[in-house]
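What follows is a short report on a single structure.
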Amino acid sequence: MVTPELPKFRTYAYGTDAAQKIDAYWRDKGAGAEARPVVLFLHGGYWLHGDKGGGWKYVARRLTEEGFVVLSANYRLAPRAHWPAQRDDALSALDFVRRHARLWNADPSRVAVMGSSAGGQLATQLGALGKGGRRVRGVVALSPPNNPFLAFKDGAKPGATATQRKLRRAVVDLLDCTPGAAPGPGTEPGAGTEAGTGDGGEPGTGTDCWPLVDDASTLTHVSRGDAPMLLMHGTGDFVPVAQSTGLAAALRAAGVKTTVKTVDGRLHASQLLTDPDTYPTIVSWLKSHLKK
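Sequential numbering of the sequence shown, starting at 149, is according to this note's numbering.
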């Protein structure tokens, strides 16, 4: 069996901060070759850690075999940088990709964004913020905590796992504040349910946190002009599957084409790729939404 040749690889700076780096993976098809569609990847890691390389570089290489140019971006992490710095960096990385697409013979009009876990939340933000459908052709998100406040609440429930408690603390680091009880008539931003003293909110703390809580929830930004999304989630994930099904319901209600694929078990983020249907589903969906 012949081993496929590795794609070309180069790291670029898309900003002045040390964290604002992006890796490009592409295959040189020669002069005159048709420009190829692009996938911008955003890593996970609780918004606190993670890297554009790691195991995802193998996924990037595989996607180049399918005809995509892949860009994998780092972004500023909490607690050194707070929300919305992470989303700002993702937007800047996307702008960099568009402006320099010719370097990789990529088509800047055919771009999708894909993210895992915290990176999935950033990916859905890019697809929903403003007229997200004008920004990207589609979004693929694996195990995204689309509403950080729900993750914050889950970490305070009796029986919360260590990872859920870690995610709760990460939300505080991300926002640089502790969400208190919901303001106003008692509705929590982006969640559509009542918030009170027993739901994980903390009365008397973080009342000025709510604009950030609201902004960090992708549900807040849902509108008819959003990009179509493929949301993938494990049924027993420590980030509850409701994070994806809830966003999907809001998107569909707004008239946005949305697909949810669930995988049985506690698989989270990259672990979803151990399911034999996950990768083919991603590739098929990307090809469908990035075709000319």
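We put the beta carbon where it would ideally sit given N, CA and C, even for glycine.
query, result
"Selected residue, minimal CA-CA separation from Ala225, among Leu242, Trp252, Trp195", "The residue you asked about is not Ala; residue 225 is Leu in the sequence shown. Among Leu242, Trp252, Trp195, the Cα nearest to that of Leu225 is on Trp195."
"Pick from Pro292, Ser257, Arg400 that is closest to Val387, judged by C-alpha positions", "Pro292"
"Status (buried if at least 16 other CB within 10 Å, exposed otherwise) for Ser392", "buried"
"Collapsed DSSP secondary structure at Arg235 in the structure displayed", "helix"
"Proximity below 8 Å, CB of Met380 to CB of Gly286", "no"
"Buried versus exposed call for Gly394 [16 or more other C-beta atoms within 10 Å across all chains shown]", "buried"
"Leu211 beta carbon less than 8 Å from that of Val187", "yes"
"Opposing strand residues paired with Thr407 [DSSP bridges]", "Leu378"
"Secondary structure of Arg224, DSSP reduced to three states", "coil"
"Simplified DSSP state of Trp252, which is helix, strand or coil", "helix"
"Three-pair Cβ contact test at 8 Å for the region 161 to 174 versus the region 292 to 304", "no"
"Reduced DSSP category for Trp195 - H, G, I as helix; E, B as strand; rest coil", "coil"
"Same chain, Cβ closer than 6 Å to Leu290, five either side skipped, listed in chain order", "Ser264, Gly268, Met380, Ala417, Leu420"
"Limits of the unbroken alpha helix (DSSP H) element including Asp302", "296 to 302"
"Beta-carbon gap between Thr366 and Thr272 smaller than 8 Å", "yes"
"Helix, strand or coil at Ala402 according to DSSP, with G and I counted as helix", "coil"
"Endpoints, alpha helix (DSSP H) assigned at Asp363", "358 to 364"
"Spatial distance of Leu438 from Pro306 (CA atoms)", "44 Å"
"Same chain, Cβ closer than 6 Å to His230, five either side skipped, listed in chain order", "Asp324"
"Inter-residue Cα distance where the pair is Ala276 and Lys156", "32 Å"
"Inter-residue spacing [alpha-carbon to alpha-carbon] between Gly278 and Thr368", "11 Å"
"Candidates Ser436, Arg250, Lys301, Arg282, of which the one nearest Val361 by Cα", "Lys301"
"Reduced DSSP secondary structure (H/G/I, E/B, other) of Arg282", "helix"
"Gly303, buried or exposed, once every other Cβ within 10 Å from all chains shown has been counted against 16", "buried"
"Residue from Gly328, Ser240, Val389, Arg209 whose Cα sits closest to the Cα of Thr164", "Ser240"
"Rounded separation between Pro227 and Arg247 - CA only", "30 Å"
"Backbone CA spacing between Leu274 and Asp237 [nearest angstrom]", "11 Å"
"Check whether Asp374 and Gly280 have beta carbons under 8 Å apart", "yes"
"Coil, strand or helix - Phe244 by DSSP", "helix"
"First and last residue of the uninterrupted beta strand (DSSP E) at Pro185", "184 to 190"
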